[in-house]
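Quick note: the sequence shown uses our numbering, first residue 18, plus one each step.
In this text, a Cβ means the ideal position worked out from N, Cα and C, and glycines have one as well.
First the structure, in the form of structure tokens, and then the observations on it.
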Amino acid sequence: MVRSLKAILTALSTVPMFAHILHRSLVFLAASLCLLLGLSAIANAEPVSCGGIDLLAKMKREDRKTYDQILAEGRKIPNARGLFWKIEKRGFKPSYLFGTMHVSDPRVIKLPHTVKKAHLKAKVIVLESDQLLELGKARLLAFTKPDMMMMPAGKRIEDFLTPEQRGVVDTALTARGAPLSAVNYLRPWMVTSIVASACEQSRAKDRTPVLDQQLALDAIENNIPLKGLETLEEQYGALNKMSLEAQVKNLISAIAHPEQFANIDETMLRLYLSGDIRPLAPLLRWLSQNDTTMAADSFAEFEDEVITRRNHTMADRAKPFLQDGNAFIAVGALHVQGDDGLVELFRKQGFKVTPAI
């Protein structure tokens with residue numbers, strides 16, 4: 018138990034905030050959280066390459082039929098084009114909804130002028146969690162509720178691995194300073210964070226904030242109240258609802274095929290910078306079903322537990338802030354789009370929601 022708690026604290030100390038863990042812990046799946054509308058001001062910034070290729074561009078060259086199918090599916094997703102939204106209702110001051118990208122890439126951190134203006138003039142900043150800057154609370158959670166971060170009683174990660182897989186996983190984790198024996202009782206999604214991309218890990222060690230954390234820091238600097246729609250415990254709980262089998266498969270994929278995960282990150286970022294992220298969810302869904310390097314069919318489970326179910330909670334908790342007026346709400350971009358996304362859910366609450374850019 019002590020050794021496992023030390024492993025938890027080690028994992029916590031390597032990541033500046035837990036939106037980043039949420040992003041990187043399920044590397045393939047959580048890529049779908051990291052979407053933000055790409056605007057020209059961002060797209061023209063100096064590029065920062067972290068490796069990888071554009072999978073959509075590759076697919077366009079090599080499998081045009083599947084490429085066209087993914088684009089067609091993307092065009093059917095409501096509110097997937099344009100992720101900065103104005104929220105209005107007679108008798109209330111306008112508020113704004115902003116889809117974020119949970120990464121520290123400088124092109125993402127630099128907000129478009131219109132977004133930054135709304136952010137700094139808001140009466141309140143509302144993020145997925147207002148505990149983004151409080152690493153102490155995350156550490157306390159490790160001690161007070163270790164079951165949130167540790168495997169169910171009697172289970173170990175190695176129980177889900179073949180002998181060959183165990184050797185591969187142990188070798189990869191040992192090279193990163195955390196052998197399997199030290200993390201065997203941790204939730205697989207936490208262990209996956211250890212094998213995060215070198216690019217994000219490097220910035221994390223330098224304490225470079227991810228976008229959501231930067232929004233929180235800016236709010237504090239400008240004396241704007243900071244509120245959250247969820248607690249860290251609830252966010253962990255959403256990840257823990259993913260089956261252990263899916264989590265372990267994702268861990269194995271992240272270790273065995275890091276180049277494909279780099280490709281997914283690069284594809285995600287290019288779509289974001291292009292200003293049209295509609296193809297991303299269909300692409301991730303196709304990869305989970307057809308790419309043998311990915312955890313099979315895990316995207317549907319991820320969408321249900323980590324996206325859709327949380328959307329309804331977020332919408333309910335955001336309503337008082339919208340009624341109070343002049344709120345700036347920022348959440349992962351996949352929470353914004355779709356039939357069960359926040360744009361549609363706010364409309365069902367009686368608000369008029371329109372693109373702000």
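Point to revise | Exposure label - residue 371; buried when at least 16 CB within 10 Å | key: The residue labelled residue 371 in the question sits at position 354 within the sequence shown. Residue 371 is exposed by the Cβ-count criterion.
Exercise for review: Using three-state DSSP, classify residue 74 as helix, strand or coil.
Suggested key: Taking the first residue of the sequence shown as 1, we reach residue 74 at position 57. Residue 74 falls in the helix class under three-state DSSP.
Exercise for review: Grab me the residues of residue 357's own chain with a C-beta within less than 6 Å of its C-beta, minus the 5 sequence neighbours each way, in chain order.
Suggested key: Taking the first residue of the sequence shown as position 1, residue 357 is located at position 340. Once the five neighbours on either side are set aside, the close Cβ partners of residue 357 are 325, 328.
Practice item. Name, in chain order, the residues that DSSP records as bridge partners for residue 102. Key: Position 85 of the sequence shown holds residue 102. In the DSSP assignment, residue 102 forms a beta bridge with 114, 372.
Review point. Taking the alpha-carbon positions, what's the residue 354 to residue 189 distance?
Key: For the purposes of this step, residue 354 is taken as the residue at position 337 of the sequence shown. For the purposes of this step, residue 189 is taken as the residue at position 172 of the sequence shown. In this structure, the straight-line span from the alpha carbon of residue 354 to that of residue 189 is close to 36 Å.
**Study point:** Candidates 103, 68, 85, of which the one nearest residue 363 by Cα
**Key:** The residue labelled residue 363 in the question sits at position 346 within the sequence shown. Distances from the alpha-carbon of residue 363 to those of 103, 68, 85 put 103 closest.
Review point. What did DSSP end up calling residue 126 once you bin it into helix, strand or coil?
Key: On the sequence shown, residue 126 is found 109 positions in, with the first residue counted as 1. Helix at residue 126.
Review point. Among residues of its own chain, excluding the 5 on either side of residue 322, which ones have a beta-carbon nearer than 7 Å to its beta-carbon?
Key: By one-based count along the sequence shown, residue 322 stands at place 305. The residues are 255, 258, 259.
Point to revise | Inter-residue spacing [alpha-carbon to alpha-carbon] between residue 368 and residue 129 | key: Looking up residue 368 in the sequence shown gives position 351. Looking up residue 129 in the sequence shown gives position 112. Their Cα atoms are separated by approximately 25 Å.
Point to revise | Cβ pair count under 8 Å reaching 3, the stretch 240 to 250 against the stretch 287 to 303 | key: Proximity of the stretch 240 to 250 to the stretch 287 to 303 falls short of the contact definition, fewer than three beta-carbon pairs being nearer than 8 Å.
**Study point:** Limits of the unbroken beta strand (DSSP E) element including residue 174
**Key:** To locate residue 174, count along the sequence shown from 1; it is residue 157. Residue 174 -> no beta strand (DSSP E), and no H or E assigned at all.
**Study point:** Close-in-space but distant-in-sequence residues of the same chain around residue 279 (CB under 6 Å, 5 per side omitted)
**Key:** As a working note, residue 279 is residue 262 in the sequence shown. Excluding sequence neighbours, residue 279 sits near 68, 69.
Check your understanding: Looking only at its own chain, which residues have a Cβ that is under 8 Å from the Cβ of residue 173, when we skip the five neighbours before and after it?
Key -> The sequence position of residue 173 within the sequence shown is 156, counting from 1. Correct list, in chain order: 201, 202.
Review point. Below 8 Å between beta carbons: does that hold for residue 205 and residue 268?
Key: For the purposes of this step, residue 205 is taken as residue 188 along the sequence shown, with counting starting at 1. For the purposes of this step, residue 268 is taken as residue 251 along the sequence shown, with counting starting at 1. Yes, Cβ-Cβ distance for residue 205 and residue 268 is below 8 Å.
Check your understanding: Is the beta carbon of residue 271 sitting closer than 8 Å to the one on residue 351?
Key -> Taking the first residue of the sequence shown as 1, we reach residue 271 at position 254. Taking the first residue of the sequence shown as 1, we reach residue 351 at position 334. Cβ atoms of residue 271 and residue 351: not closer than 8 Å.
Review point. Between residue 342 and residue 332, what straight-line distance do the alpha-carbon atoms span, to the nearest angstrom?
Key: On the sequence shown, residue 342 is found 325 positions in, with the first residue counted as 1. On the sequence shown, residue 332 is found 315 positions in, with the first residue counted as 1. Rounded to whole angstroms, residue 342 to residue 332 spans 15 Å at the Cα level.
Check your understanding: Once you ignore the five residues that flank residue 132 on each side, which residues in its own chain have a CB closer than 7 Å to its CB?
Key -> Counting from one through the sequence shown, the residue named residue 132 turns up at place 115. Answer for residue 132: 101, 115, listed in chain order.
Check your understanding: Out of 346, 167, 219, 161, which has the shortest C-alpha to C-alpha gap to residue 247?
Key -> Position 230 of the sequence shown holds residue 247. Checking every option, the nearest Cα to that of residue 247 belongs to 346.
Practice item. From the DSSP output, in three-state form, read off residue 97 for me. Key: As a first step, residue 97 is located in the sequence shown; it is residue number 80 there, counting from the start. Coil, per DSSP.
Practice item. Between the Cα of residue 230 and those of 84, 263, 142, 208, spot the shortest distance and give me the residue it belongs to. Key: In the sequence shown, the residue the question calls residue 230 occupies position 213. Per the Cα distances, 142.
Check your understanding: Under a Cβ-count criterion, where at least 16 other Cβ atoms within 10 Å of its own Cβ denotes burial, should residue 316 be classed as buried or exposed?
Key -> Within the sequence shown, the letter at position 299 stands for residue 316. Buried, because 16 or more other Cβ atoms sit within 10 Å of the Cβ of residue 316.
Exercise for review: Determine the direct distance from the alpha carbon of residue 276 to that of residue 122, and round the result to whole angstroms.
Suggested key: As a first step, residue 122 is located in the sequence shown; it is residue number 105 there, counting from the start. As a first step, residue 276 is located in the sequence shown; it is residue number 259 there, counting from the start. Roughly 19 Å separates the two Cα atoms.
Exercise for review: Under 7 Å Cβ to Cβ from residue 263, same chain only, skipping five residues before and after it: list those, please.
Suggested key: Taking the sequence shown and counting its residues from 1, one reaches residue 263 at position 246. Taken in chain order, the residues that qualify are 312, 315, 318.
Review point. Which residue from 265, 310, 293 puts its Cα closest to that of residue 273?
Key: Numbered from 1 along the sequence shown, position 256 holds the residue referred to as residue 273. Of 265, 310, 293, the residue nearest in Cα terms is 310.
Check your understanding: So what does residue 247 bridge to, in DSSP terms?
Key -> By one-based count along the sequence shown, residue 247 stands at place 230. 146.
**Study point:** Chain-order list of residues whose beta-carbon lies under 7 Å from that of residue 196 (same chain, five-residue window excluded)
**Key:** Stepping through the sequence shown from its first residue, residue 196 is reached at position 179. Counting only Cβ-Cβ distances below 7 Å, and skipping sequence neighbours, we find 187, 190.
Check your understanding: Could you give the distance in angstroms between the alpha-carbon of residue 98 and the alpha-carbon of residue 361?
Key -> Here the question's residue 98 lines up with position 81 in the sequence shown. Here the question's residue 361 lines up with position 344 in the sequence shown. Cα to Cα, residue 98 sits roughly 14 Å from residue 361.
Check your understanding: Out of curiosity, what's the CA-to-CA distance linking residue 92 and residue 296?
Key -> Working through the sequence shown from its first residue, we reach residue 92 at position 75. Working through the sequence shown from its first residue, we reach residue 296 at position 279. Going from the Cα of residue 92 to the Cα of residue 296 covers about 8 Å.
Check your understanding: In chain order, what residues of the same chain lie with their CB nearer than 7 Å to the CB of residue 344, ignoring the 5 residues before and after it?
Key -> Numbered from its first residue, the sequence shown carries residue 344 at position 327. Excluding positions up to five away in sequence, the list reads 112, 139, 140, 141, 143, 338.
Check your understanding: Is residue 237 buried or exposed, if buried means 16 or more other CB atoms sit within 10 Å of its CB?
Key -> For the purposes of this step, residue 237 is taken as residue 220 along the sequence shown, with counting starting at 1. Residue 237 should be labelled exposed.
Exercise for review: Report back the beta-carbon spacing between residue 249 and residue 154 to the nearest angstrom; my notes put them in contact at under 8 Å.
Suggested key: The count along the sequence shown starts at 1 and reaches residue 249 at position 232. The count along the sequence shown starts at 1 and reaches residue 154 at position 137. With 8 Å as the limit, residue 249 and residue 154 qualify as a contact, their Cβ atoms being about 7 Å apart.
**Study point:** Closest Cα partner of residue 185 within the set 266, 228, 151
**Key:** Residue 185 sits at position 168 when you count from the first residue of the sequence shown. Considering only alpha carbons, the answer is 266.
Practice item. Tell me where the alpha helix (DSSP H) around residue 186 begins and ends. Key: Position 169 of the sequence shown, counted from the start, is the residue given in the question as residue 186. Per DSSP, residue 186 belongs to the alpha helix (DSSP H) from 180 to 192.
Practice item. Within the stretch 230 to 314, note down every full beta strand (DSSP E) run reaching 3 residues or more, in order along the chain. Key: 243 to 247
Review point. Under the three-state reduction of DSSP, which class applies to residue 348: helix, strand or coil?
Key: Residue mapping note: residue 348 aligns to position 331 of the sequence shown, counting from 1. DSSP places residue 348 in strand when its eight states are reduced to three.
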